[in-house]
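*Asks:*
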Amino acid sequence: MTIRDEARREREIVHPTARVSSGPPLSETDPEFFALYQDFAFGETLRHVDLDRRDRLIYQLAAAIAVGAAREFRLLLGAALDVGVTAIQVKELTYQSVAYVGIARALDAIVATNEIFSERGIPLPVDGQATTTPDTRMAAGLALQKEIFGPEAIDGLYARSSPDSLHFQQFLSGNCFGDYYTRTGFDLKQRELITFALLAALGGADSQVKSHVTANFNVGNSRTDLIGVLTALVAYIGYPRTLNALAQIEAASPAPR
Numbered sequence: 001m002t003i004r005d006e007a008r009r010e011r012e013i014v015h016p017t018a019r020v021s022s023g024p025p026l027s028e029t030d031p032e033f034f035a036l037y038q039d040f041a042f043g044e045t046l047r048h049v050d051l052d053r054r055d056r057l058i059y060q061l062a063a064a065i066a067v068g069a070a071r072e073f074r075l076l077l078g079a080a081l082d083v084g085v086t087a088i089q090v091k092e093l094t095y096q097s098v099a100y101v102g103i104a105r106a107l108d109a110i111v112a113t114n115e116i117f118s119e120r121g122i123p124l125p126v127d128g129q130a131t132t133t134p135d136t137r138m139a140a141g142l143a144l145q146k147e148i149f150g151p152e153a154i155d156g157l158y159a160r161s162s163p164d165s166l167h168f169q170q171f172l173s174g175n176c177f178g179d180y181y182t183r184t185g186f187d188l189k190q191r192e193l194i195t196f197a198l199l200a201a202l203g204g205a206d207s208q209v210k211s212h213v214t215a216n217f218n219v220g221n222s223r224t225d226l227i228g229v230l231t232a233l234v235a236y237i238g239y240p241r242t243l244n245a246l247a248q249i250e251a252a253s254p255a256p257r
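The sequence shown begins at 1 in the UniProt record's numbering and counts up by one.
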């Protein structure tokens, strides 16, 4: 079984020397699987994706963090840097992921990023992107939440919170949105697509996927944008998570029949 030319060309662009281990390559140890997977991931799926290669790799990096795929993250990060994803963008992606997958999972990606940056001579730390302070983060984050989800939705969440759980809403406003979403490096539309990629790949977060499908529409992203991200992720996150996220897109914005 051979790899089709379109898939081979794309793989050679984004993974020209990729090796998953120090042993023999998969093309030798698992040739049939290697060919069918490469054809699917680098050929068939990409016929349905109209994303800039850099953007596609950003969303795939997010998915690799969410599923805990440290080895694939390293491969994708090398490819992303090779095609022009910036050091600041990589750092911002890893930082934002903490709000959605937690530091226990994101830390591996942050450490791997530092190691690869050092290998490539990329200076650390990269330029800071914070726009808030400890005194302004709460107000800025709350304002951004209301811009994304609407004032009534956020005010309702606060109003429905019990006294012993109100701090979780405050965490969302001050930390998730005030600390992360207010940073530069990505605009709001791209941050929302990154969040969608993280949540779709994470699995078990259908309610949050639903909320952020709506949020993506509110900030100007389209059904086509979300379908494109999901198509770029299917080979990395599998069908159950892909179809669960697709169901949320379909519920929020059914395709014309």
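Don't be surprised by glycine CBs; every beta carbon is placed ideally from N, CA and C. A quick note: this is a predicted structure, and the numbers were derived from the prediction, not measured.
Based on Cα-Cα distance, which residue from A201, D82 and S253 lies nearest to H13?
*Replies:* With the sequence shown as reference, residue 13 is identified as Ile, and His is not the correct amino acid for it. Of the listed residues, the one whose Cα sits closest to I13 is D82.
*Asks:* Output yes or no for whether 7 Å exceeds the beta carbon distance between F33 and A7.
*Replies:* In this structure, A7 does not lie closer than 7 Å to F33 by Cβ.
*Asks:* Please report the straight-line C-alpha distance between V90 and D39, rounded to a whole angstrom.
*Replies:* Near 27 Å, if we compare the C-alpha coordinates of D39 and V90.
*Asks:* Go through the segment 190 to 224 residue by residue and report every complete run of the beta strand (DSSP E) that reaches 3 residues or more, in order.
*Replies:* Fully enclosed beta strand (DSSP E) runs of 3 or longer: not present.
*Asks:* How would you call A251, buried or exposed, if buried means at least 16 neighbouring beta carbons within 10 angstroms?
*Replies:* Exposed.
*Asks:* Assuming contact is defined by CB atoms lying nearer than 7 Å, are L233 and I249 in contact in what I supplied?
*Replies:* Not a contact, by the Cβ cut-off of 7 Å.
*Asks:* Please identify the residue among N244, R223 and A235 whose C-alpha is closest to the C-alpha of P256.
*Replies:* Taking only the C-alpha atoms, the option nearest P256 is R223.
*Asks:* Report yes or no: do the segment 136 to 156 and the segment 101 to 117 share at least 3 C-beta pairs separated by less than 8 Å?
*Replies:* At 8 Å Cβ cutoff, the stretches do not touch.
*Asks:* Suppose the cutoff is 7 Å on Cβ atoms and the five residues either side in sequence are ignored; what does the same chain contact list for E92 look like?
*Replies:* Cβ within range, chain order: Q129, R183, G185 and F186.
*Asks:* Flag this pair as yes or no: are the beta carbons of A106 and I65 separated by less than 7 Å?
*Replies:* Against a cut-off of 7 Å, the Cβ pair of I65 and A106 comes out as a contact.
*Asks:* Hey, how far is the Cα of A200 from the Cα of I110?
*Replies:* The straight-line gap from Cα to Cα measures roughly 20 Å.
*Asks:* Could you check the C-alpha separation between G23 and A69 for me, to the nearest Å?
*Replies:* The straight-line gap from Cα to Cα measures roughly 19 Å.
*Asks:* Could you spell out where the alpha helix (DSSP H) holding G141 opens and where it closes?
*Replies:* Unbroken alpha helix (DSSP H) run through G141: R137 to F149.
*Asks:* Just reading off the alpha helix (DSSP H) that Y37 is part of, what are its end residues?
*Replies:* Segment P31 to D39, the alpha helix (DSSP H) holding Y37.
*Asks:* Taking just the CA atoms, how far does P125 sit from M138?
*Replies:* C-alpha separation (whole angstroms): 26 Å.
*Asks:* Under the three-state reduction of DSSP, which class applies to D155: helix, strand or coil?
*Replies:* Helix at D155.
*Asks:* Where does the unbroken alpha helix (DSSP H) through R53 begin, and where does it stop?
*Replies:* Residues R53 to A66.
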